[in-house]
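There are 2 protein chains.
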Amino acid sequence: MALIVQKYGGSSVGDIERIKNVANRIREYHDRGDQIVVVVSAMRGVTDHLIGLANQLMPIPTEREMDVLLSTGEQTTIALTAMALHSLNLPAVSLTGAQAGIQTDGVHTKAKIQNITPTQIHDLLDAGNVVIVAGFQGRTPDGNITTLGRGGSDLSAIAIAAAVKADLCQIYTDVDGVYTTDPRVVPNARKLEEIAYDEMLELASLGAKVMQSRSVEYAKKFGVVFEVRSSLNANPGTIVKEETTAMEGVVVRGASLDKNQAKVTLVKVPDHPGVAARIFRFLADAALNIDMIVQNISHGSDSPSTDLSFTVEKVDLAKARKLFDGLKSEIGFQELVTDEDVAKLSIVGVGMRGHSGVAARMFETLAEAGINIEMISTSEIKISVIIALDVAEKGLAAVHKAFVEENTTGA
Amino acid sequence: MALIVQKYGGSSVGDIERIKNVANRIREYHDRGDQIVVVVSAMRGVTDHLIGLANQLMPIPTEREMDVLLSTGEQTTIALTAMALHSLNLPAVSLTGAQAGIQTDGVHTKAKIQNITPTQIHDLLDAGNVVIVAGFQGRTPDGNITTLGRGGSDLSAIAIAAAVKADLCQIYTDVDGVYTTDPRVVPNARKLEEIAYDEMLELASLGAKVMQSRSVEYAKKFGVVFEVRSSLNANPGTIVKEETTAMEGVVVRGASLDKNQAKVTLVKVPDHPGVAARIFRFLADAALNIDMIVQNISHGSDSPSTDLSFTVEKVDLAKARKLFDGLKSEIGFQELVTDEDVAKLSIVGVGMRGHSGVAARMFETLAEAGINIEMISTSEIKISVIIALDVAEKGLAAVHKAFVEENTTGA
């Protein structure tokens, strides 16, 4: 007998038929004697409908009331899911986030979980119930309804799994698990049996859509082992957990391509203390998210200058260009060069740490494919390069073949 | 400056435009310095949609989960109403039934209010807010969501008005107030300026659709003065309050017609102790609601017998007939006679108490109109008669003319 937390997203509970499917899956686990806590999202489309109503009243609805409004979406799903289980003669009780003891701070629409008091969940489980909890929501210490923002239901599930000390947390979604790379781009991509938190985090930050970083970070912090798997079939998914020695045998866990980045270069920026700080303060104040930053050594001994490059999201490029056009004399750079026909190609793996030749092997692979590298950025377990957009998929395929399909150590 | 509770039903908040209208009305009161608590229902159609979803899962959904599901309807409205006020730059805060301190018993889908702790409402009012409360819902002492059943939002408003000691409670609906009779049947019907609780209760029990009896009873018990008025115009409505000496000057406040009753007569029922008790126990056990009961003196000295008549709802007539067909020998009556082509005509007024001639005047009026009376039942402030369905509206018009339009004392 195990204590399992299962999370079903909006597409898994998208209509009454899918809710019935979810109930049948829960029954399988219940019948083999497991205790089950189910975390559900709003049915697909419900949240957008509610936002649409709010926007007819205010372009930017007040955040406290937005939380009161949006939390009805998950509350609807918990009641319907409980009924679906009742129709199978399974005892089940629904709980809102507040009733489940999920306490958050008061930052409406993007609240942080402060703590979970799972007394009610345990009592209901001990009485033989499946417990259905509304994801994405909680309450402040003084009783206001809050929501957790993007990826909030995953976070609810991970946090509840930590609080109830679950044996396993299953994140049901519409993909089979975590892949070595995007199978739509590289047909040879394969599903991973397991992946380390840090690898998952790097993949999440690279735009792999499986999960938000905050949920993975929470799982890592509290040591919650979770499985990403499909609600549409019975295939095992990918287990996400703390890295093991065995994992280091694989140098590169996966490869990823992000086509949403654009490159900005400030040419001949005066190289004296504080200039870079001021540039990135301007960007932060304009709420522009920066990803890669590259600065090389400077040239010129009298008034040394350097080229400073960084990447922004493509949708923010016009805004960034306008910002720096107005700052040219203030900062004193010579020229602004931008390029949106680029992509960021990355490889990720905790095994990289022990293998100094991985970067060299990646650059060689790209060179053999005739692909020029425009920017390079590395972390302990990731190497990212900016390359031209029109050869990006070719580059991904080449790197995936070299590191994953041929499973070379890269050294 | 007054403290006012306003209740808006499902048609008054039926869509975003109507919610905006409600917000504008609230602003008028706010601008003149009143403190306002607003109680809202679910938007028209929302509750039916949710019931439809539940019924796709279970023919009779579990009641606890039905409450979790249905309470999202009012929660949606409170958030949208608060946003509508924010868009007018009015400070407003929404509260679910639980947050507003509405505590109920645990009888899901038809819970009774046990007490209200209005601390939160007072704090928010004192801070200058309009407070928007979800009608129809509350919470049990151990934190389960409950709903109050039919007419629940009216009850929420009346109970909150009692708890916060409001100066006035306004029930906004789609009619202008309480009329002397149904204006669709009698064009000369007129809106009442005021009516006593007991008169309102008799009218409610007679099928006047304005309000459920339980809300009026609650108002009477706690002395809550309330006004029934339209959300579609600015006309004053009808004030419902404890009767005053002045009210007794009017003998008949209103007249009403109920076409949903059918007459059942058990002919020659043995007249000995306990027979009537057994008959109505059978009816109660079959969950058949009885309205009027008439039994006259008995005949025959050896084995005395009597005729026993009562009315049931027309939809229950077949059930009643089947019940008594099976009990004929057990009870020992001679014959079962039923008639569904009847209607119940009633006049109501607290002023009747001091005027013994009212019944006589009513019967004379009907006789003059050539209408035969089949059954009679009276209470302290009401006289009801059963007459043939095809002359029922004619009878109503005659009685309304005699007692209301000509405003005779009836004595």
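Chains A and B supply the protein sequences, listed in that same order. Take the first sequence: its letters are residues 2 to 412, numbered as in the numbering used here. Take the second sequence: its letters are residues 2 to 412, numbered as in the numbering used here. Beta carbons: idealized from backbone N, C-alpha and C, even for Gly. It should be emphasised that the depicted structure is a prediction, and the values quoted were computed from it without experimental measurement.
Residues sharing a beta bridge with B/VAL270, DSSP: B/THR307
At a CB-CB cut-off below 7 angstroms, which residues of chain B make contact with A/GLY144? GLN100
Contact set for B/GLU18: own chain, Cβ-Cβ below 8 angstroms, skip 5 residues either direction: none
Looking at A/GLY98 and A/MET44, is the spacing between their C-beta atoms short of 8 angstroms? no
For chain A, check one thing: does any of its Cβ atoms lie closer than 8 angstroms to the Cβ of B/VAL69? yes
Please determine, among A/THR77, A/LEU149, A/THR147, A/TYR173, the residue with the shortest C-alpha to C-alpha distance to A/SER13. A/TYR173
At least three beta-carbon pairs within less than 8 angstroms, the stretch 161 to 171 of chain A to the stretch 104 to 122 of chain A: yes
Residues bridged to A/ASN116 by DSSP? A/GLN104
Report the option in B/GLU249, B/LEU233, B/VAL253, B/VAL225 whose CA atom is closest to the CA atom of B/ILE240. B/VAL225
Closer than 8 angstroms, CB to CB, is A/SER154 near chain B or not? no
So for A/PHE227, helix, strand or coil by DSSP? strand
May I have the straight-line CA-CA distance separating A/SER306 from A/LYS402, to the nearest angstrom? 40 angstroms
Counting only the same chain and skipping the five closest in sequence on each side, list residues whose C-beta sits under 6 angstroms from that of B/ASP272. SER299, PRO305, SER306, THR307
Could one say the Cβ of A/THR73 lies closer than 8 angstroms to chain B's Cβ atoms, at least one of them? yes
Does chain B have any CB closer than 8 angstroms to the CB of A/ALA112? no
What number of angstroms, rounded off, separates the C-alpha of B/LEU193 from the C-alpha of B/SER385? 21 angstroms
On the DSSP letters alone, give me the boundaries of the beta strand (DSSP E) that A/ASP292 sits inside. 291 to 296
Span of the beta strand (DSSP E) around B/GLY139: 138 to 140
Expected contact under 8 angstroms - CB spacing of B/MET353 and B/VAL295 to nearest Å: The Cβ separation is near 20 angstroms, so there is no contact.
Between which two residues does the beta strand (DSSP E) harbouring B/LEU169 extend? 169 to 174
Unbroken beta strand (DSSP E) runs of length 3 or more, entirely within the stretch 183 to 217 of chain A: which are they? 195 to 197
Own chain partners of A/LYS345 with C-beta closer than 6 angstroms, once the 5 adjacent residues on each side are dropped: ASP259, GLN262, SER385, ILE387
Among the residues of its own chain, which have a CB less than 7 angstroms from the CB of B/ALA287, if the five just before and after it don't count? LYS320, LEU324
What does B/HIS123 touch in chain A if you count any residue whose Cβ is under 7 angstroms from its own? Result: empty, since nearest Cβ-Cβ is about 15 angstroms, beyond 7 angstroms.
A/SER88 touches chain B at which residues, Cβ-Cβ below 8 angstroms? LEU58, MET59
With a cut-off of 8 angstroms, does the C-beta of A/ALA64 fall near any C-beta of chain B? Before going on, a small fix: residue 64 of chain A reads as Glu here, not Ala. Answer no: the Cβ-Cβ gap between A/GLU64 and chain B never drops below 8 angstroms.
Indicate whether the contact test is met: 3 or more Cβ pairs, each with one atom in the stretch 54 to 71 of chain B and one in the stretch 85 to 94 of chain B, closer than 8 angstroms. no
Which residues of chain A have a Cβ atom closer than 7 angstroms to the Cβ of B/ILE79, listed in chain order? VAL69
I need the straight-line Cα distance from A/ASP303 to A/LEU284, nearest angstrom please. 28 angstroms
So, with DSSP's three-state summary, where would you put B/ILE332? helix
Residue-level contact to chain A via CB, B/LEU54, 8 angstroms cutoff: yes
Hey, which unbroken runs of the beta strand (DSSP E) at 3 residues or more fall wholly within the stretch 366 to 404 of chain B? 376 to 380, 383 to 389
Contact set between A/ILE27 and chain B, taken where Cβ atoms lie within less than 9 angstroms: In chain order: nothing, as chain B lies at least about 14 angstroms away.
Of all the CB atoms in chain B, is at least one closer than 8 angstroms to the CB of A/ILE76? Contrary to the premise, residue 76 of chain A reads as Gln rather than Ile in this sequence. A/GLN76 counts as touching chain B.
Check whether the Cβ atoms of A/ILE372 and A/LYS395 lie closer than 8 angstroms to each other. yes
B/ALA85 versus chain A: which residues are under 9 angstroms apart at the beta carbon? LEU58, MET59
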